[in-house]
Structures are given as structure tokens and as C-alpha cells.
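> Next up is a structure, given as C-alpha cells.
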Amino acid sequence: MNFCESVLDLVGDTPLVRLNNIVEPGMATVLAKMETLNPTGSVKDRMAINMVKRAEEEGLLKPGGTLVESTSGNTGLGLAMAAAAKGYRCIFTIPDKMSQEKIDMLKAYGAEVIVTPTELDHHHPDSYVEVAKRIAGQTPNAFYTDQYNNMSNPEAHYLTTGPEVWEATDGLIDSFVAGLGTGGTISGTGKYLKEKAMAAGREVRVVGPDPYGSIYHDAFYKGEWEDPGMYRVEGIGHDFMVGTLDFSVIDEVVNVRIGTLSLWPQPGQARRHICWGIHRHRISWALQEARNLGPEKIVVAVVCDSGDRYISKTFNDEWMRDRGYFAPPQKLGTVQDILESKKQKVVLADPNDTLQSIINQMATLGISQMPMTIGRGPQNDRRAGHSSGSSRW
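Okay, so the sequence shown: first residue is -7 according to our numbering, each after it adds one.
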């Protein structure tokens, strides 16, 4: 018989899929690492089960314990799956900018979810990070997984994602593109790939898209940053520095913005790329990498989750338009616009016309109203554009 002992055994070993329709001639090969195929549908399953495993090994998490985490959603889902499989309770805090789909999914897994204001500084006592820490400290037999500083996070990718990518490309990968959230995926995978490439006498570029408003871009290039701004991208970027991000394995950090990348569909367009979730910026930048590198090169980009958890947000035309990511609908215009768009000019009735003749003329022209002029005779041109004198309606 061939079966898995637990759903946790299904995490990892995700395939690479070649992108064809959106890759232009002369570009490098672009391969998508389909992390959507993990049990809860995201790359975060990898580090979630590794954090739980290490906590158990170190005696930090005991039978019947409680997992506590501050999450954007996906890490919480991975931890909730592990909790369900192992019999733990779980409590998660999540910023209110995250999609309702994620919140509902967390609750469906049996998690207790506390939603906090997005705009609060992470040091604020009511921020999602500080609330999670406080809950962990006040709950007996609780373990705060702390994905932002827990080195079991990048370790998961060093042990699994990196080897999978290297082996699947026969060690021929030239560039790896992953987002910067906790930094676990890009740091752990990037470290492994660079070590293997160095041993093989070649190089691998590691590139991370980062949303405007996040601190990572400035932190990478300047070593310092100003007060973070607001941004609506979920799962990447941050307003504080984390311990799980290793800049030493990253070659480039690229600022990105919702709605400005080539793969963001405009209103009414088919969502051909819905499987890529909100992180189409990674695929978009992978395409840019492919253009820069040229043919005979290989670019791998992480598809970290799927669009089914963002239907109410970036896959919703109204949500995108209300926040300025789409151009506003065509204006209704003015009365003058309507008049200028008419294919025929306004026909005027004369006081000397009979009522029946006016009714017949209106029926012939397919109109319901006809203005009447005063002081004009039937011998005059009856087109509004040539009228002179007063008129009444």
C-alpha cells in the first residue's frame, strides 16, 4: 500500500511549471515554483511545520499546547493545519487589511482570530505583533512561533525549497525571484542556491520585489529607512526589520506597486493568471529578469499562493478602482457632450404648423419632444444650429 501517514507529509516537492504564453522570444526560460500545491495552498506550509517540529524537539511546545502567531494569513493557515493534525489549539492576530477570505479560512481550520488595525506601528500595544506576544505570555502552555525572528523559518527553505529548485533545474538556474515578507523563503532558498552555485563555479542571482511603503528597499541599499508608508499588498514588505531576512544572499531589491505591473488585469479582462494569487509582482519581475538575461538562461519565481484568497480584493474590479489602481470609468459627460454626440440636429416646430403635422414629424423622426420658436416662418431653416431669436420649450 502507498499512502502518507499525515497531511503534513504532503508539504513540499512542488513542481516547476514553464511559462509559455507570456514569455516573449529572446527571453530566458521562466519557471514557476508552484507552492500553491502545498496542502493549505501556500509556501508558508513549509516553515510552519518546521517551526512546530523544532519547537517540539526543543521542548518549547508540549502536548495540548497553544500556538500563537501574528500572521498575514498564510503562515496562520500552515500552523492551523499543523495544529489540527497534532492536537494543538491556535490563536492568531491578523491586520485588518488582509482579505476576508484568509480570515474565514483561518476560522474554518478552527483557529481563534483577532483582527487588529493595520495602521498601528508594530511597537503599539494594539498592533498585531504586540497583541500576539501578549496573548502568548498570558496563555498557559502557549508558544509564540514568531515567524519574523524564528530561524526555523529560513531553515525550512534551506532544507527543502533550495534543494528542490537546484535539482529540478539540474543546477542550471541563473536567477531566483521571491518576495520579501519574513524573508524566510528568499533567504533560505537563496543561501542554498548560492552555495551550490559557488561550488559549481557559477553564479545565481537572487532578486526580491518589495512594495512601495515597505522599509526593505531602503534598508537594503542605504542601511537605514524613514518611517514606513501604507501599502495594500499582502504578505510581502514590512514596517519593521525582521531577524529572518538575510540581505547577504540577495543581489537586488525592486520596488513594486499594485496595478502598475504588466500582469495586473484591467477591468473586465479575463483573469488568466488567477492561480498566481496576489504575488503577480514576482512573475512580472521574473519576466523582466528573463528579458535582461536573454535566451539560454533560467529564471525561477515562487508562486506562493493562489488567487482564490483575494477574490474580494485584487481580483475585484470595484476594490481596485476604489483605491485608484484602475482608471475611473468613462465620465458621464455634460449636456453639451450629449448634444455634440447627436447624429441629427434639433428640429424646431413653428407656431404656424398644424398639431397633426408636428405629431407626424415627431413620429417620423422618432423623437418625443419638439421645441417651438416664436417669430419664425416655415420659409426659414428649421435647424437649431441656424436659429436666431428667442425660443421656448
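The beta carbon of each residue, even a glycine, is placed where N, CA and C say it ideally should be. Predicted, not measured: the structure shown is a model, and the values here were computed from it.
Name the DSSP beta bridge partners of LEU8, please?
Counted from its first residue, the sequence shown places residue 8 at position 16. Answer is LYS25.
> Out of GLY200, ASP297 and ILE41, which has the shortest C-alpha to C-alpha gap to THR152?
Your numbering for residue 152 matches position 160 in the sequence shown. Looking at the Cα atoms, ILE41 is the closest of the given residues.
> Measuring only the C-alpha atoms, how far is SER91 from LYS214?
Residue mapping note: residue 91 aligns to position 99 of the sequence shown, counting from 1. Residue mapping note: residue 214 aligns to position 222 of the sequence shown, counting from 1. Computed Cα separation, rounded: 32 Å.
> Can you tell me which of the three DSSP states GLU244 falls into?
As a working mapping, residue 244 is identified with position 252 in the sequence shown. Of the three classes helix, strand and coil, the one that applies to GLU244 here is strand, per DSSP.
> May I ask you to verify whether the segment 139 to 158 touches the segment 48 to 60, counting CB pairs closer than 8 Å and requiring at least 3?
The way I'd put it, the segment 139 to 158 doesn't touch the segment 48 to 60; fewer than three beta-carbon pairs between them come closer than 8 Å.
> Could you check whether VAL198 and ALA170 sit closer than 9 Å to each other, using their CB atoms as the reference points?
As a first step, residue 170 is located in the sequence shown; it is residue number 178 there, counting from the start. As a first step, residue 198 is located in the sequence shown; it is residue number 206 there, counting from the start. Taking 9 Å as the Cβ cut-off, ALA170 and VAL198 qualify as a contacting pair.
> Grab me the residues of MET43's own chain with a C-beta within less than 6 Å of its C-beta, minus the 5 sequence neighbours each way, in chain order.
Mapped onto the sequence shown, residue 43 falls at position 51. Contacts found: THR137, ASN142 and SER144.
> If you reduce the DSSP assignment to three classes, tell me which class PHE(-5) lands in.
Along the sequence shown, one-based indexing puts residue -5 at 3. Of the three classes helix, strand and coil, the one that applies to PHE(-5) here is coil, per DSSP.
> I need the straight-line Cα distance from GLY68 to GLU61, nearest angstrom please.
For the purposes of this step, residue 68 is identified with residue 76 of the sequence shown, where counting begins at 1. For the purposes of this step, residue 61 is identified with residue 69 of the sequence shown, where counting begins at 1. Rounded to the nearest angstrom, the two C-alpha atoms are 7 Å apart.
> Curious, which full-length beta strand (DSSP E) runs of at least 3 residues does the segment 152 to 177 contain?
For the segment 152 to 177, whole beta strand (DSSP E) runs of length 3 or above, ordered along the chain, are 167 to 169.
> Give the list of continuous beta strand (DSSP E) stretches no shorter than 3 residues that lie fully inside the segment 182 to 226.
197 to 203
> Can you tell me which of the three DSSP states ARG313 falls into?
To locate residue 313, count along the sequence shown from 1; it is residue 321. DSSP places ARG313 in helix when its eight states are reduced to three.
> What three-state label does DSSP hand ALA239 in the structure shown?
As a working mapping, residue 239 is identified with position 247 in the sequence shown. A small fix is needed here, since residue 239 is Phe in this sequence, not Ala. It is helical.
> Along the chain, where does the beta strand (DSSP E) that runs through ARG81 open and close?
Taking the sequence shown and counting its residues from 1, one reaches residue 81 at position 89. Per DSSP, ARG81 belongs to the beta strand (DSSP E) from 81 to 87.
> Which term fits PHE168, buried or exposed, when burial requires 16 or more other beta carbons within 10 angstroms of its beta carbon?
If you number the sequence shown from 1, residue 168 lands on position 176. Buried, since its Cβ has 16 or more Cβ neighbours within 10 Å.
> Leaving out five residues on either side along the sequence, give the residues of the same chain with a beta carbon under 6 Å from the beta carbon of ALA282.
To locate residue 282, count along the sequence shown from 1; it is residue 290. Cβ neighbours of ALA282 beyond the five flanking positions: MET19, ALA20, VAL22 and VAL291.
> Short of 6 Å in beta carbon distance, which residues of its chain neighbour LYS188, apart from the five on each side in sequence? Order them along the chain.
As a working mapping, residue 188 is identified with position 196 in the sequence shown. Answer for LYS188: TRP158, listed in chain order.
> For HIS114, which option in ILE86, ASP238, GLY65 and LEU71 has the closest C-alpha, if you only look at C-alpha atoms?
The residue you call residue 114 lines up with position 122 of the sequence shown. Closest option to HIS114, judged by alpha-carbon separation, among ILE86, ASP238, GLY65 and LEU71: ILE86.
> DSSP three-state call for MET233: helix, strand or coil?
The sequence position of residue 233 within the sequence shown is 241, counting from 1. Coil at MET233, not helix or strand.
> On the premise that LEU59 lies in contact with PHE135, defined as a C-beta separation below 8 Å, what is that separation, rounded to the nearest angstrom?
The sequence position of residue 135 within the sequence shown is 143, counting from 1. The sequence position of residue 59 within the sequence shown is 67, counting from 1. PHE135 to LEU59, Cβ: 6 Å. Contact.
> How big is the Cα-Cα spacing for SER206 and ARG81?
The residue given as residue 206 occupies position 214 in the sequence shown. The residue given as residue 81 occupies position 89 in the sequence shown. C-alpha separation (whole angstroms): 32 Å.
> Buried or exposed: which applies to LEU279, given that a residue is buried once 16 or more other Cβ atoms fall within 10 Å of its Cβ?
Position 287 of the sequence shown, counting from 1, holds the residue named residue 279. Flag for LEU279 reads buried.
> Taking just the CA atoms, how far does MET190 sit from ASP96?
As a position in the sequence shown, residue 96 is number 104, starting the count at 1. As a position in the sequence shown, residue 190 is number 198, starting the count at 1. Computed Cα separation, rounded: 44 Å.
> My assumption, with CB atoms under 8 Å, is that ALA72 sits in contact with GLY102. Please give the rounded CB distance.
The residue given as residue 72 occupies position 80 in the sequence shown. The residue given as residue 102 occupies position 110 in the sequence shown. Their Cβ separation, rounded to whole angstroms, is 7 Å, which keeps ALA72 and GLY102 in contact under 8 Å.
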